[in-house]
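Beneath this line is the structure, given in structure tokens, with notes to follow.
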Amino acid sequence: MRILVIGSGGREHALTWKLRESQYMEEIYCAPGNAGIAQEAECVPVDASRPHEILGLAKELKADLTVIGPEASLVAGVVDEFEGEGLWVVGPTKAAAQLEGSKIFAKQFMQRHHIPTARFAVAENFEDAFKALAGFGIPVVVKGDGLAAGKGVVVARRREEAEKTLVEFMREKTLGSAGERVVIEECLVGEELSFIALTDGRGVLPLVPTQDHKAVFDNDQGPNTGGMGAYSDDSILTERQRDYVLRRIVSPTLTGMAAEGTPYRGFLYVGLMMTADGPKVLEYNVRMGDPEAQPIMMRLRSDLVELFKGIRAAELGALDAHWSPNPAVCVVLASQGYPGKPEVGKVITGHEAAESQGGVKVFHAGTQFRDFQLLTAGGRVLGVTATAEDLPSAIERAYAAVSKIHFEGMHYRRDIGAKGLRHLGRALGPTNPVTRRAPDPLKL
Ligand code: AMP
């Protein structure tokens, strides 16, 4: 099988790395890819925001299977183009991708189908937004309607901050057209987690649970980013919680989409807040999460193409995936300036030494090779991902690998997985050997 992966981030590196192992793989391509992906697959240039260009490339490469990584390609309608020509592609159609492409669509959809989510108001213009704000307490959350690479959400802790955000989004257009309309919503309290599943529209195959770290600094401080790290461990979600999420959230989402004439296929990512009133949906994403894809792919033992075949045959409900029981942890190394404008072109060293240790894989995001050197080329640069027999060891292993890597201005969070250690502490008790060995997350 000739396989093509679209995208250029850590998510696409993880997907390509996994697909390369598939028993069906004969040739693997990634477009446009990055310096790390180029070690696993042939990289070909493409403008991932242009569906027609992606389709043209797939035909030229005679791709049997195309996997779309980024939301922008999906929201632009790349799947419709492929399906129009009878080509095999993994991802939702343009209409179904509205679940991520428009936060207003997603909130109104949840309201129509009684899916638990934060109370909200929609505003089409600045005056209405200002008025709507008065109906909410503080903190309050302001979200631009469109795609904004994780930067279109502000959790405002003071009213002036919320007002300033409305001015920025709606008057100064800092998000471009993505901020012209907004959702204002109640701030939920609890722990966040990412529930990602594969679906053929009816059958659901949940992937292992993960927790992302969106804020740029330790202890969830500072502005939101695309994600500064993630870990996956079975203890994140109990069986009861998992069943609840499937029954009250995932199932009604799929039946709702089908009933509205826009059946949903592909990866479905549900960002959840585990509130005192139960799990509530913060957002839908219509693709794998990044960085979540990195620890998830590290734990996946099944052949990913086999799972994609299950979607195509609409037999996913009958399939089971095999997972490593071992947790995995991904620490994102970011450039100076990120999540604002990153400084790029810095020489990266130590990435090979970091990988020389067993159980570690360094996934690339913003990297490029030039003049025999590996250089930074984006905000998020590398995802250092490690797996080990328990969470404390996986965390230790990931940070030991991180300590070998250097580039000017590099910054990263030092508390990836810390919430997981607290879960373990609660689940196992302080005298359990695993908990006792747990490093203090803030001293890592
Ligand atoms: P979203 O892109 O909608 O998931 O928002 C990005 C991040 O903002 C989430 O991962 C949360 O950390 C935070 N967030 C979004 N909505 C809310 C909410 N209603 N209450 C509290 N935090 C939120």
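For the sequence shown, the positions run 9 to 452 when my numbering is used. Here a beta-carbon is modelled for each residue, glycine too, at the ideal position from N, C-alpha and C. In this text, all values refer to a predicted model and were calculated from it rather than measured experimentally.
- Leaving aside the five residues that flank residue 228 on each side, none in its chain has a CB nearer than 6 Å to its CB.
- Within the stretch 304 to 375, the complete alpha helix (DSSP H) runs of at least 4 residues fall at 312 to 320 and 359 to 363.
- Taking a C-beta distance under 8 Å as the contact criterion, residue 52 and residue 37 qualify as a contact pair.
- Residue 36 carries a strand assignment under DSSP once its states are collapsed to helix, strand and coil.
- Our two residues, residue 409 and residue 151, have alpha carbons roughly 36 Å apart in a direct line.
- Looking at the DSSP output, residue 293 sits in a beta bridge with 277.
- Take the alpha-carbon of residue 255 and the one of residue 124: they are about 12 Å apart.
- For the ligand AMP, no non-hydrogen atom lies closer than 7 Å to the CB of residue 51.
- In the DSSP assignment, residue 109 falls within the unbroken alpha helix (DSSP H) covering 106 to 109.
- Residue 230: member of the beta strand (DSSP E) spanning 229 to 232, first to last residue.
- Around the Cβ of residue 26, a 10 Å sphere holds 16 or more other Cβ atoms; the residue is buried.
- Contact annotation: residue 338 and residue 391 have beta-carbon atoms nearer than 8 Å.
- Taking one beta carbon from each stretch, the stretch 214 to 234 and the stretch 100 to 116 have fewer than 3 pairs nearer than 8 Å; the two do not touch.
- Runs of alpha helix (DSSP H) with 4 or more residues, each lying fully within the stretch 385 to 410, are found at 399 to 410, listed in chain order.
- If you check the CB distance, residue 10 and residue 70 come in under 8 Å.
- Per DSSP, residue 138 is one residue of the alpha helix (DSSP H) stretching across 134 to 141.
- Inter-residue distance for residue 371 and residue 188 is about 35 Å (C-alpha atoms, whole angstroms).
- Put simply, the backbone Cα of residue 75 is about 22 Å away from that of residue 238.
- Taking a cut-off of 8 Å for Cβ pairs, the stretch 415 to 434 and the stretch 348 to 361 touch, as three or more such pairs fall below it.
- The continuous stretches of alpha helix (DSSP H) do not include residue 206, which lies in the beta strand (DSSP E) extending over residues 199 to 207.
- Taking every protein chain shown into account, the CB of residue 154 has 16 or more other CB atoms within 10 angstroms, so this residue is buried.
- Bounds of the alpha helix (DSSP H) holding residue 81 are 79 to 83.
- With contacts defined by Cβ atoms closer than 8 Å, residue 63 and residue 89 form a contacting pair.
- Contact between the stretch 290 to 303 and the stretch 256 to 276 is present: 3 or more CB-CB pairs across the two stretches fall below 8 Å.
- Judged by DSSP in its simplified three-state form, residue 379 adopts coil rather than helix or strand.
- When distances are taken from the beta-carbon of residue 254 to the heavy atoms of the ligand AMP, even the shortest one reaches 7 Å or more.
- For residue 239, the enclosing beta strand (DSSP E) begins and ends at 237 to 240.
- DSSP, read as helix, strand or coil, puts residue 151 in strand.
- Straight across, the Cα-Cα distance linking residue 412 with residue 340 is about 14 Å.
- An exposed status is given to residue 380, since fewer than 16 other beta-carbon atoms sit within 10 Å of its beta-carbon.
- Counting only the Cα atoms, residue 362 lies some 19 Å from residue 19.
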